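Per UniProt numbering: the sequence shown = residues 1 to 362.
Every residue, glycine too, gets a C-beta built ideally from N, C-alpha and C.
Since we're looking at a predicted model, the values are computed, not measured.
Input: a single structure, listed below in structure tokens.
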Amino acid sequence: YNSYNNYLFKFPMEFLSKEFMGYSGKELVYFLTAAIGTIVLLKVIKVVLINRINKMSRRTDYTLDDLLTNIVSQAFKLPAMLLLGINIGLVFVDTGNRVGQVFTYINSVVFGFYAWKVLTAIIDYISEQTIARMDDDNTKADVSMVKLVKRIIKLLVVVVVGLFVLQNLGIDISALIAGVGIGGLAIAFALQNILEDVFSSISIHFDRPFKEGDFIKIGEDSGVVKSIGMKTSRLETNTGDELVITNRELTQARVRNFKKLKKRMITFEIGVVYGTPVKKLKKVKDIVTKIFEQIEVVNLERVNLMDLGEYSIIFEIRYEVSSSRFIDHANAKQEINFMLLESFEKAGIEFAYPTQTVVIEK
Numbered sequence: 001y002n003s004y005n006n007y008l009f010k011f012p013m014e015f016l017s018k019e020f021m022g023y024s025g026k027e028l029v030y031f032l033t034a035a036i037g038t039i040v041l042l043k044v045i046k047v048v049l050i051n052r053i054n055k056m057s058r059r060t061d062y063t064l065d066d067l068l069t070n071i072v073s074q075a076f077k078l079p080a081m082l083l084l085g086i087n088i089g090l091v092f093v094d095t096g097n098r099v100g101q102v103f104t105y106i107n108s109v110v111f112g113f114y115a116w117k118v119l120t121a122i123i124d125y126i127s128e129q130t131i132a133r134m135d136d137d138n139t140k141a142d143v144s145m146v147k148l149v150k151r152i153i154k155l156l157v158v159v160v161v162g163l164f165v166l167q168n169l170g171i172d173i174s175a176l177i178a179g180v181g182i183g184g185l186a187i188a189f190a191l192q193n194i195l196e197d198v199f200s201s202i203s204i205h206f207d208r209p210f211k212e213g214d215f216i217k218i219g220e221d222s223g224v225v226k227s228i229g230m231k232t233s234r235l236e237t238n239t240g241d242e243l244v245i246t247n248r249e250l251t252q253a254r255v256r257n258f259k260k261l262k263k264r265m266i267t268f269e270i271g272v273v274y275g276t277p278v279k280k281l282k283k284v285k286d287i288v289t290k291i292f293e294q295i296e297v298v299n300l301e302r303v304n305l306m307d308l309g310e311y312s313i314i315f316e317i318r319y320e321v322s323s324s325r326f327i328d329h330a331n332a333k334q335e336i337n338f339m340l341l342e343s344f345e346k347a348g349i350e351f352a353y354p355t356q357t358v359v360i361e362k
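Rendered as structure tokens:
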């Protein structure tokens with residue numbers, strides 16, 4: 001019994017004093033204790049955090065808890081915890097510069113990878129929430145644009161993380177960035193017009209001056225927006241043909257969007273012949289007022305004798321169409337014109353047209 005106790009007491013002391021591959025037993029014990037303790041501690045932290053997040057999610061309707069759970073799961077993967085445990089353990093071991101440099105490289109690659117995973121999870125969450133909040137007016141093109149921007153941001157994250165890893169691996173990235181910069185400038189110069197159209201398309205989708213289905217006018221051209229692509233947009237004109245316009249032109253031009261108007265204000269003139277009695281001229285306002293009272297979608301604002309023109313006495317009429325539909329405006333205008341012709345004919349008021357009176361003396 002005494003010899004057994006002596007063996008149990010001597011064995012740890014002998015182990016601590018021995019060397020294994022150049023490291024003392026004491027250093028190995030410290031290393032294993034620190035590494036295993038770190039891994040266990042990280043595992044406990046992961047479980048506690050996920051439980052807390054799950055409790056929070058039961059009390060709220062937010063989906064942020066899904067993102068937090070994903071981030072914790074990605075950050076506390078076993079390889080990452082194992083590597084962190086080894087790094088903590090190596091603090092108690094004199095490994096030398098070479099081994100330390102190797103682990104610096106491994107740390108850069110592994111933690112760069114997990115940083116990319118976490119950032120990707122955040123980007124995916126933001127894009128999914130953006131798409132989920134889109135209303136019925138948003139089109140498939142808008143969803144595609146969000147996904148495109150997500151891919152571009154992910155690519156930028158890969159580039160930034162990759163450069164960070166390369167720098168930690170001892171690679172001089174300044175020359176690499178300079179070379180990529182010169183090549184990028186050459187490519188950007190060659191693709192200048194295309195890139196302008198692409199960025200204009202992104203601007204249109206986010207600024208939303210118009211969307212598919214809107215009736216717009218650009219200069220002398222007008223039509224219904226059928227699609228908004230990466231380089232060009234397509235309009236269906238009133239004659240039925242398709243008009244293709246570059247997105248750069250659309251962002252640089254003045255665009256009138258008729259879909260967004262709630263009402264139309266119309267001003268037009270009518271001319272009455274000279275020689276019409278003043279008494280009849282004063283009846284014009286009453287005649288026009290009665291006409292507008294019979295049409296539902298219009299509200300008369302004013303009727304004024306505005307000018308004594310070269311060929312006629314000019315009245316100006318201004319009214320409001322309460323509908324935004326062009327067909328309602330056209331139908332109302334037609335009714336007004338027919339009723340003006342009928343009413344003026346009954347009242348004996350003659351419309352004017354350009355004439356010239358020639359007096360011949362004998």
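DSSP state of residue i mapped onto helix, strand, coil
| i | result |
| --- | --- |
| Lys262 | coil |
| Tyr319 | strand |
| Glu301 | strand |
| Gly112 | helix |
| Ser3 | Confidence at Ser3 is low in this model, with a pLDDT of 47, below 50, so the placement of that residue should be treated as unreliable; the coordinate-derived value is given next. Helix, per DSSP. |
| Asp172 | coil |
| Phe292 | helix |
| Val158 | helix |
| Phe76 | coil |
| residue 371 | There is simply no residue 371 to check, as the chain begins at 1 and stops at 362 in what is shown. |
| Arg133 | coil |
| Phe9 | Its pLDDT being 42, under 50, Phe9 is placed unreliably by the model, and the measurement read from it follows with that caveat. Correct three-state label for Phe9: helix. |
| Val102 | helix |
| Val91 | coil |
| Lys55 | helix |
Reference residue i, options the options, closest by Cα
| i | options | result |
| --- | --- | --- |
| Lys45 | Ile71, Ile313, Phe76, Arg248 | The question names Lys, yet the displayed sequence has Ile at residue 45. With distances taken between Cα atoms, Ile45 lies closest to Phe76. |
| Thr120 | Lys147, Ser108, Phe103, Lys231 | Lys147 |
| Ser73 | Val47, Asn87, Phe351 | Val47 |
| Phe268 | Tyr105, Glu316, Phe103 | Glu316 |
| Ile88 | Val102, Lys290, Val109, Gly37 | Gly37 |
| Lys231 | Asp197, Glu320, Pro79, Lys262 | Asp197 |
| Asn70 | Val110, Met81, Tyr125, Phe111 | Tyr125 |
| Thr276 | Tyr311, Arg133, Ile152, Ile153 | Tyr311 |
| Ile266 | Phe338, His329, Ile86, Val157 | His329 |
| Ile131 | Ile270, Glu212, Met145 | Met145 |
| Arg264 | Leu250, Glu320, Ile218 | Glu320 |
| Gly170 | Val29, Thr104, Lys260, Lys43 | Thr104 |
| Phe239 | Ser233, Asp221, Asn247, Met339 | Rather than Phe, the amino acid found at residue 239 in this sequence is Thr. Of the candidates Ser233, Asp221, Asn247, Met339, the one whose C-alpha sits nearest the C-alpha of Thr239 is Asp221. |
| Lys117 | Leu90, Arg133, Ala80, Gly229 | Ala80 |
| Gly85 | Met339, Leu42, Val278 | Leu42 |
| Ile295 | Phe338, Val273, Gly309 | Phe338 |
| Asn247 | Ala347, Arg208, Val297 | Arg208 |
Opposing strand residues paired with residue i [DSSP bridges]
| i | result |
| --- | --- |
| Asp328 | Asp328 is not bridged to any residue. |
| Gly271 | Ile314 |
| Asp307 | Ile314 |
| Phe351 | Val272 |
Distance cut-off 7 Å: residue i Cβ against heavy atoms of the ligand ADP
| i | result |
| --- | --- |
| Val297 | Because no ligand of any kind appears in the structure shown, any question about the ligand ADP cannot be addressed here. |
Ignoring anything shorter than 4 residues or poking outside the UniProt domain "Mechanosensitive ion channel MscS" (193-259), list the alpha helix (DSSP H) runs there in chain order. You should have 247-252.
The region 217-231 / the region 280-291 touching (three or more Cβ pairs under 8 Å): Short answer: they don't touch.
Would you check if the region 100-115 and the region 158-177 touch, i.e. whether three or more CB-CB distances between them fall below 8 Å? As far as the Cβ criterion goes, the region 158-177 touches the region 100-115, which means the pair count is three or higher.
Looking at C-beta atoms only, is the number of pairs between the region 283-298 and the region 250-258 that lie closer than 8 Å three or more? No: the two stretches stay apart, fewer than three of their Cβ pairs being nearer than 8 Å.
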